[in-house]
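Q: Residue numbers (the working numbering): 6 to 92.
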């Protein structure tokens, strides 16, 4: 069983162009495998997005919430959570 919800995988598959110039997945299964391979992370809220990026070495202290959400590796999910994919 996948660690990623259907919503995560479908959102990434639909919006992968925000992070990559060319598609890395052409179907649901490929998208799910890609997320697993790159160890994508799902976080509950914007605070956790900030914490994750900070722990990853990105200086987010002066960034606005909008600026963080515009980062290509952040995918906003319809349920209010966020998928973070490091390309």
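For each residue, glycine too, the CB sits at the ideal point set by N, CA and C.
Grouping DSSP H, G and I as helix and E and B as strand, with all else coil, what is residue 9?
A: Locating residue 9 in the chain shown gives position 4, counting from the first residue. In this structure, residue 9 counts as coil in the three-state DSSP scheme.
Q: Is residue 39 helix, strand or coil when you go by DSSP?
A: Within the chain shown, the letter at position 34 stands for residue 39. Note: residue 39 maps to helix in three-state DSSP.
Q: If you draw a straight line from the C-alpha of residue 48 to the C-alpha of residue 68, how long is it?
A: As a first step, residue 48 is located in the chain shown; it is residue number 43 there, counting from the start. As a first step, residue 68 is located in the chain shown; it is residue number 63 there, counting from the start. Cα to Cα, the separation comes out at about 18 Å.
Q: Taking 8 Å as the threshold, find out whether the region 78 to 91 comes into contact with the region 9 to 26 through three or more Cβ pairs.
A: Output reads yes: the region 9 to 26 touches the region 78 to 91.
Q: Below 8 Å CB to CB, which residues in the same chain sit around residue 50 once its five sequence neighbours on both sides are set aside?
A: Here residue 50 refers to the residue found at position 45 when the chain shown is read from its first residue. So the list reads 85, 86 and 87, once near-sequence residues are dropped.
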